[in-house]
Structures are given as structure tokens and as C-alpha cells.
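Working notes for the structure below.
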Amino acid sequence: MTENAWTIPNLLTVARILLTPGFVMAFVDKRFELAWLLFAIAGLTDALDGFLARVLRQRTHFGAMLDPLADKVLLVTSFLCLAFQGWIPSWLAVLVVSRDVLIVGGLAFLRYSGVDLQRGIRPVLVSKATTVAQIALVLLIMVEHTFAVYTPASRSALVLIVTALTTLSGAYYVRVGLGMIPVNGAANNKD
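According to our numbering, the sequence shown holds residues 200 to 390 in order.
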């Protein structure tokens, strides 16, 4: 029996992906009110899709793959925009982007190595906390620059939290991924 991929939670996840180019266009055009509003809506879909998937019992394999991808597209894009504008330190954008590239590259390598990823890597609390902290930081910075209300202490605290959580979650996924590499994988993949 095939699953219905077009559930309400999955549609919200697709909406998050589709909102990302709108966010970028508004940001580039310096329409920051619209940019932060689009980002806030996209962030809200992240909270809603998981909640609705549980409540409506509409968890799907498609959603399990699409949701983290939507998060990565939105957050990597927004961190790059903020860094190019000089609103966050460039090293922070590099950290966030590097973690996500490492995760996606690691998953591709594991799949290439024949690892069954359906059973494998599940989101954990530190990963979810990382996403929430990253969204909160982007929203705070967008609101600060939109309304010219600056909160240096809050911003510094969130930068520190995002740095710590991004590093911890990246290390967690590297450790889990390394443990999934088949010991005899190199011998099986010789051409």
C-alpha cells in the first residue's frame, strides 16, 4: 500500500520551501518588513507541520525526508542573506552552512555505501533545538533591522546558543553517521 504524500503537514512543508525564494527576493529588495513576515510564516509552518503530523496521524516517509530539507533550504538561505548584509558574523553563517552540507553529504555517502537510511538517523532534541534557535536568531535580527529596535544582549545570547547547538548537533550527526558506515563498505564499492 502506498502512502498519501500530499497530507496537510507535507503541504505546509512544501509551502516553507516555496516561501524561501519570496523571502530572498524581499530581502534583496530591502523590503525587510515583508522578508521577516515571510520568514516568520515559514518558521510557523515548521512548528505546525510536525504538530499536525502527530495529531492527525499523517506521518509519512516523504514528510520525514522533506521536512529537514525544507529547514535546511530556509535556514541556509537566510543565514547567507544575513551574512552578506553584514548582520551576523560570517563565521556563524559558515558554521550553519557547513553543518548542513556535512549532514547532507554524509547522508549521500551513507546511501552510496548501501546503508538503509529508513532505519537510521532520526532527529533528536539537540537537532530540533538547533532549528528553533536558528529560526529565533534570524527573526530577532530581521525584527531589529526592520523596526530599528536593537537588543545586543539578546542577540549575543542567541548567537552563543546557535553556535553551541549547531556545533553539538553537527558532532552528534557525524558520530552517528560514522557508526553507520559499513566496515567492509570500501571492498564492496570497488569498480
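Glycine is no exception: its CB is placed at the ideal position from the N, C-alpha and C atoms.
In this text, all values refer to a predicted model and were calculated from it rather than measured experimentally.
Between the beta-carbon of residue 257 and that of residue 207 there is about 6 Å, and that keeps the pair under the 8 Å contact cut. Secondary structure of residue 217 (DSSP, three-state): helix.
Only residues of its own chain outside the window of five on either side were considered, and among them 231, 232, 235 have a CB closer than 6 Å to the CB of residue 345, listed in chain order. According to the DSSP assignment, residue 332 belongs to the alpha helix (DSSP H) that extends over 324 to 346. Contact between the region 375 to 382 and the region 296 to 316 is present: three or more C-beta pairs spanning the two stretches fall below 8 Å.
Considered as a whole, the region 267 to 312 harbours no complete run of any beta strand (DSSP E) with no fewer than 3 residues. Counting other Cβ atoms within 10 Å of its Cβ, residue 215 reaches 16 or more and is therefore classed as buried. Distances from the alpha-carbon of residue 292 to those of 341, 358, 370, 321 put 358 closest. The DSSP assignment places no complete alpha helix (DSSP H) segment of no fewer than 4 residues inside the region 237 to 261.
Between residue 305 and residue 372, the gap from beta carbon to beta carbon is short of 8 Å. Of 364, 264, 209, the smallest CA-CA separation from residue 335 is found for 364.
Burial check for residue 366: the Cβ neighbour count within 10 Å stays below 16, so the residue is exposed.
In the displayed model, residue 207 falls within a helix according to three-state DSSP. In the DSSP assignment, residue 360 falls within the alpha helix (DSSP H) that extends over 351 to 379. Looking only at 250, 265, 333, 276, the smallest Cα-Cα distance to residue 221 is reached by 276. Taking the Cβ atoms as the reference, residue 247 lies roughly 6 Å from residue 211, within the contact range of under 8 Å.
In the three-state reduction of the DSSP assignment, residue 223 falls in the helix class. With a threshold of 16 other beta carbon atoms within 10 Å, residue 299 meets it and is buried.
Here the alpha carbon of residue 333 sits roughly 28 Å from the alpha carbon of residue 310.
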